[in-house]
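Colleague: When we follow our numbering, the leftmost residue of the sequence shown carries the number 143, and every step to the right adds one. By construction, the Cβ of each residue, glycine as well, lies at the ideal position given by its N, Cα and C atoms.
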Amino acid sequence: MTPNELSDRLWHFAARIGKVVDALPDTRLGRHVAGQLVRCGTAAPPNYDEGCAGESRADFIHKLSVALKELRESRGWLNFIIIARLLPAKKITALLDECEQLGKILGRSLVTAKGKPPSRGDLPDSPI
143 MTPNELSDRL
153 WHFAARIGKV
163 VDALPDTRLG
173 RHVAGQLVRC
183 GTAAPPNYDE
193 GCAGESRADF
203 IHKLSVALKE
213 LRESRGWLNF
223 IIIARLLPAK
233 KITALLDECE
243 QLGKILGRSL
253 VTAKGKPPSR
263 GDLPDSPI
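1. How many whole angstroms separate the CB atoms of L228 and V175, which I take to be in contact at a CB cut-off of 8 Å?
2. In angstroms with no decimal places, state the Cα-to-Cα distance between G177 and V163.
3. Can you give the Cα-Cα distance for N221 and V208, rounded to whole angstroms?
4. Helix, strand or coil for A157? Go by DSSP, reduced to three states.
5. Apart from the five residues on each side of it in sequence, which residues of its chain come closer than 7 Å, Cβ to Cβ, to L265?
6. Measure the beta-carbon distance from G172 to L166 and round it to whole angstroms, keeping in mind my assumption that it falls under 8 Å.
7. On the CB-based measure, 16 or more other CB atoms within 10 Å of its CB, does D267 come out buried or exposed?
8. Compute the Euclidean distance between the alpha carbons of A236 and Y190, then round it to the nearest angstrom.
9. Could you check what DSSP says for D150 in three-state terms: helix, strand or coil?
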């Protein structure tokens with residue numbers, strides 16, 4: 143999968159999160175979950191895109207780590223929606239599956255990025 147394809151997939155995920163947020167009940171709990179989910183569920187795509195445009199491998203790794211963290215939080219809130227029966231599980235399971243797939247892809251990308259030796263631009267200035 144190319145970086146552009148992954149970016150598109152993340153943005154489509156965020157759009158689907160928006161639809162779930164809009165479908166949550168207008169209750170105190172529904173509004174709380176909506177607020178949490180809209181923040182974490184829409185944060186992964188811009189962080190991924192920023193990482194791809196990063197100035198260094200360290201910047202790339204940091205931004206991808208943030209994107210992965212936001213996907214993990216999204217997964218938690220999607221599971222909570224099912225557990226609390228705020229929406230029917232059948233409306234959430236496909237999005238939950240996509241969230242898990244995206245998390246695995248970003249996780250593998252991080253392992254790969256962390257495993258490569260630093261490039262010349264990533265080396266600290268020599269003290270000598």
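Modeller: Looking at the coordinates:
1. By one-based count along the sequence shown, residue 228 stands at place 86. By one-based count along the sequence shown, residue 175 stands at place 33. With a beta-carbon spacing of about 6 Å, L228 and V175 fall inside the 8 Å limit used to define contacts.
2. Here the question's residue 177 lines up with position 35 in the sequence shown. Here the question's residue 163 lines up with position 21 in the sequence shown. Approximately 8 Å, taken between the alpha carbons.
3. Reading the sequence shown from its first residue, position 79 is the one you call residue 221. Reading the sequence shown from its first residue, position 66 is the one you call residue 208. The alpha-carbon atoms of N221 and V208 are separated by roughly 20 Å.
4. The residue labelled residue 157 in the question sits at position 15 within the sequence shown. Helix, per DSSP.
5. Within the sequence shown, residue 265 is the residue found at index 123, counting from 1. Residue placement at L265 is poorly supported in this model, since its pLDDT is 41, which falls under 50; the coordinates are not used for a value here.
6. Sequence index remark: in the sequence shown, residue 172 carries index 30 (1-based). Sequence index remark: in the sequence shown, residue 166 carries index 24 (1-based). With a Cβ gap of about 4 Å, G172 and L166 count as contacting.
7. Translated into positions along the sequence shown, residue 267 becomes position 125. Bear in mind that the predicted position of D267 carries a pLDDT of just 44, short of 50, making it too unreliable to give a figure here.
8. Position 94 of the sequence shown, counted from the start, is the residue given in the question as residue 236. Position 48 of the sequence shown, counted from the start, is the residue given in the question as residue 190. Here the alpha carbon of A236 sits roughly 22 Å from the alpha carbon of Y190.
9. As a position in the sequence shown, residue 150 is number 8, starting the count at 1. In this structure, D150 counts as helix in the three-state DSSP scheme.
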